[in-house]
Each structure stands twice: as C-alpha cells, then as structure tokens.
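S.K.: Mind looking over this structure? Questions follow.
Residue numbers (the numbering used here): 312 to 452.
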C-alpha cells in the first residue's frame, strides 16, 4: 500500500492509501477519488516527502482548524442549497442562458447549471458575473 498526499482544486489537502500509483490513477479516472471536505473530483497528487524511520517517537500533530474547515464546508453547502432552491436549473445550457440574459435577449432570473471551466472563464472575461457552487455530497452518490 502507498500513501499519497492529495489536493483538490480548492486546495484542500488530504491523504489516501492505494495499492499502487496505477490504482490511484484508475480510481481517479472513474471518479472514485473525491475530496472529503468539498467532494470535488478534481484531485491531484500533492508534493510528498518519503517517510523515513528515525527511531524516535513521532509527535502527534493536531489540525487546529479542522473543525473550522468542517463548519465552513457546511456553511458553503447550505448557501449552495439556498441558491439552488431560489434559482432555475438550466443544465448544460448555463453559459448560453447567462449570455442571453446579459445581452437582454431574455428576462433576467437566477439560474444554475453546468459549464466547462473554459466556458466559465469566458463568461467572466466577457463581464458576465457567475459564482461557482460547491458540489453537494448527495450529488456525488
């Protein structure tokens, strides 16, 4: 078994064990590797240092902000739920609908949906305000 230090697109770092590097890549490719804090599937290996046995007893290191991170994720998820409840789901037509509203072709309303990273960047570059919503755990199952 190999322990990998992993990092998601939101810079959350965590550890996971795999039989091999190939096993990690296979599972990641199938969408089975997710960030435990935000459920993002955009996960990559982080820099790692090999574990060297020195014979000394290891000190236990506590993560001082672990509870704060959990609370922040919970608040982000609640905000995303509220935004979804008060918006229209447009699916993969998100970028198209956002552009139509921006240029006055259709009435403005709150919408949410999916778009590629590149298309989201293009919307922002065109001056169209968008906010990415974190994935909810129930959407990942």
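For each residue, glycine too, the CB sits at the ideal point set by N, CA and C.
1. Look at the alpha carbon of residue 434 and the alpha carbon of residue 312, and state the distance between them as a whole number of angstroms.
2. Under 8 Å by Cβ, that's how I've got residue 417 and residue 399 pegged, so tell me the actual separation to the nearest angstrom.
3. Taking all protein chains shown into account, decide if residue 442 is buried (16 or more other Cβ within 10 angstroms of its Cβ) or exposed.
4. Could you name the residues of the same chain whose beta carbon sits closer than 6 Å to that of residue 430, not counting the 5 residues immediately before and after it, in chain order?
5. Please say whether residue 327 and residue 317 have beta carbons closer to each other than 7 Å?
6. Please work out which residues of its chain come closer than 6 Å, Cβ to Cβ, to residue 325, disregarding the five sequence neighbours upstream and downstream, and give them in chain order.
7. If you draw a straight line from the C-alpha of residue 323 to the C-alpha of residue 412, how long is it?
M.R.: So, from the listed chains and residues:
1. 43 Å
2. So it is not a contact: roughly 11 Å between Cβ atoms.
3. exposed
4. 406
5. yes
6. 317 and 347
7. 34 Å
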